[in-house]
Every structure is written in C-alpha cells, then in structure tokens.
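Colleague: Have a look at this one.
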Amino acid sequence: MIIYLNGSFLEHTDATISPSDRGFLFGDGVYEVTRVIRGNFFMEEMHMGRLREGLDGLKINVHNSILKSIPDISRELLKKNDLLGGEASVYLQITRGAAWPRTHVFPEPEAEPTIFLSATAFKPHTTLHETGVDAIKIPDVRWTRCNLKTVNLLPNTLAKQQAKEAGVDSAVMVRDGVITESPNANIFCVKKGELYTFPATNYILNGITRRVVLEIAHTLSIPVHLIPVREDDLYDLDELFFSGTTTDIQPVNQVDGRAIGTGHPGPIVRQIQKAFTERLHS
0 MIIYLNGSFL EHTDATISPS DRGFLFGDGV YEVTRVIRGN FFMEEMHMGR LREGLDGLKI
60 NVHNSILKSI PDISRELLKK NDLLGGEASV YLQITRGAAW PRTHVFPEPE AEPTIFLSAT
120 AFKPHTTLHE TGVDAIKIPD VRWTRCNLKT VNLLPNTLAK QQAKEAGVDS AVMVRDGVIT
180 ESPNANIFCV KKGELYTFPA TNYILNGITR RVVLEIAHTL SIPVHLIPVR EDDLYDLDEL
240 FFSGTTTDIQ PVNQVDGRAI GTGHPGPIVR QIQKAFTERL HS
C-alpha cells in the first residue's frame, strides 16, 4: 500500500513518524474519511470544510497551499494504489507535529504539522443495510467537544468493543437521559413518519452523511425535528437508524434485546436508503 506522509508518497512499511509527534503523545490532531466511487469523491468539499473547522478548533495552523493540495494528493493515492475503478475510502490525518520536550502547552515555535493520507478499497455493508443490526445502550462518557473530529477515539473504541463483546454490531449512546449518537455514526429516530435527531451542537459530530440525510428528508417531504429523543422514549419509536461515511444508512432492529418498532427495517429508512444510494452513485 502506498501512503502519503509529509510531502512524499511511499510504501506504508517504509513510513516513520517521530515518537515525539503530538498526535502519538496527546491525540493532538484531526482526521477525515471520504468515500470514493469510481474515482469520484462523495461530498469532498464538505469534508474539507469540516477538516478546516477541526483545525481551527484545535488551533493547528496548516498553510492554505497544503490544504488546497489535499484533493490532488488523494487522487494520486487512488491512482498509485489502483483504486480508481471501484469503491474506496481515503483517510486523512493532520496532527500538530513533532515537538520536544513533551509538554501540554503548544510548542514554541510552532511545529510543522504531520500530514498523513492513505487510500484503501471499500466494501459496503450491504447485508447489514438490508437486514438491519442490533445494538446495546451505553452511557456517553466522551468529552464535550464531540463536534471536533479528533483522533481522540478511545471512548468510541471501548464502546464499539463493548458492543462486540455483547454480540451486537454497535451501540446507542445516552447522555443525561437523551440519545446522542453511536460510537461511529449519527442516529436518526422515526415516529409517525417524522425524523428526530440530536441537534448539531458540541455533543455530537455533525456527520457529512447526517447532513445528506437531512437534505434527502427535505426532498422527500419527511418532517425533521432537531430535538433529542429521550432514553425513556426509545421503545416507543417506529424506526431507528445509523448514518455515517462507512456506515451509509443502517437500520437498527433491536436495542438491548428489545425490538424497535416491528423489529425490522421500516418504510422511512427504506426511502432514505434508496435516495442515498442514488445520490452516492450519481
């Protein structure tokens, strides 16, 4: 696999990052994952916009010329890895860079940011989209700046592992009695043909696929309420589904062994799946 690191394309086995890199020491960095269909990047500008928001939020200064070069670097990676013909994903990570001695405050003078990209083949979770998945409820104990797509993913990793050990696909996270999101996707709730989802605040990541779902709902005249759903109302819902860059639109059948609605994917998620697939491949 050919990757890009700090200005060079090289075999991933030849890549080295300093142990004093602040991404390694502090999780001091941001990342993005973008879907690619036959060489076409899905919602690329929106991903780049969110990347800039994350860099601003962490006060990581990256020269504008470098940011403008990322689309070209991404396409060159696809070409070098022979991924222009099918489905793929491009991973991008930027950290504050390497600095010593290790200290919590930002280095002075500023370190040169570490820029890393990789491209891999992607296979959609088609079966899970059709059948739906099961999940468990867990407390949302992450920090309160979830709107920044940082590399600090340990709480998400532990939550996903907890779901795996419970024999299910994912988790429904709950903070202060309301549903927020899953460890790696946003959550939409359906009641009487209308969508409910947590508003885009600092408590969730405003997912790119989430934004597309909101646009699709508007096009399909499906009412949307940016209102948190209470944990106590979970089993009164008609449908529940996850949305994400690598998740797509994934129905949830059961949570903690109890059915959501009929316990099978419902009509609203099917409409949104169809419209999303058409848009993804257009």
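Using numbering that gives the first Met the number 0, the first residue of the sequence shown is number 0, and each one after it goes up by one.
For every residue, glycine included, the Cβ atom is placed at its ideal position computed from N, Cα and C.
Please go through the stretch 108-194 and give each complete beta strand (DSSP E) segment of 3 or more residues, from N-terminal end onward.
Modeller: Here the runs fully enclosed are 113-120, 132-138, 169-174 and 184-190.
Colleague: So, is N63 buried or exposed, given that buried needs 16 or more other C-beta atoms within 10 angstroms?
Modeller: The residue is exposed, with fewer than 16 neighbouring Cβ atoms inside 10 Å.
Colleague: Go ahead and pull the three-state DSSP assignment for S7.
Modeller: Note: S7 maps to strand in three-state DSSP.
Colleague: Give the straight-line distance between the Cα atoms of N60 and G22, rounded to the nearest whole angstrom.
Modeller: If I take the Cα positions, the gap works out to 14 Å.
Colleague: Let me know the secondary structure DSSP gives A97 once reduced to three states.
Modeller: Note: A97 maps to strand in three-state DSSP.
Colleague: Taking C-alpha atoms, which residue in V132, H128, F275 and I93 lies nearest to R49?
Modeller: Measuring from the Cα of R49, the nearest candidate turns out to be I93.
Colleague: If you follow the beta strand (DSSP E) that P70 is in, where does it begin and where does it stop?
Modeller: Element bounds for P70: not the beta strand (DSSP E) but the alpha helix (DSSP H), N63 to K79.
Colleague: Looking at the structure shown, is T33 part of a helix, part of a strand, or coil, going by DSSP?
Modeller: In this structure, T33 counts as strand in the three-state DSSP scheme.
Colleague: Starting from L239, trace the beta strand (DSSP E) in both directions and tell me its first and last residue.
Modeller: Segment E238 to G243, the beta strand (DSSP E) holding L239.
Colleague: Could you check the C-alpha separation between L4 and A274 for me, to the nearest Å?
Modeller: Going from the Cα of L4 to the Cα of A274 covers about 37 Å.
Colleague: What residue range is occupied by the uninterrupted beta strand (DSSP E) comprising I267?
Modeller: Where I267 is concerned, there is no enclosing beta strand (DSSP E), although the alpha helix (DSSP H) it sits in stretches over P266 to L279.
Colleague: Do G28 and R95 come within 8 Å of each other at the CB atom, strictly closer than that value?
Modeller: Contact: yes.
Colleague: Name, in chain order, the residues that DSSP records as bridge partners for F40.
Modeller: Beta-bridge pairing links F40 to V35.
Colleague: Name, in chain order, the residues that DSSP records as bridge partners for H292.
Modeller: Outside the shown range of the chain, which is 0 to 281, sits residue 292, and nothing can be said about it.
Colleague: Answer yes or no: do M172 and A158 have a C-beta to C-beta separation smaller than 8 Å?
Modeller: Closer than 8 Å, so yes.
Colleague: Is G56 helix, strand or coil by DSSP?
Modeller: Looking at G56 - three-state DSSP - the assignment turns out to be helix.
Colleague: C188 and T196 - do their beta-carbons sit closer together than 8 Å?
Modeller: Yes. Within cutoff.
Colleague: With DSSP as the reference, label V89 as helix, strand or coil.
Modeller: Strand at V89.
Colleague: Can you tell me whether DSSP reads G22 as helix, strand or coil?
Modeller: Reduced to three states, the DSSP call for G22 is helix.
Colleague: For D13, name the three-state secondary structure that DSSP assigns.
Modeller: Note: D13 maps to helix in three-state DSSP.
Colleague: State yes or no: is the C-beta of T167 within less than 8 Å of the C-beta of D139?
Modeller: In the sequence as displayed, the identity of residue 167 is Val instead of Thr. No, these two residues do not count as a Cβ contact at 8 Å.
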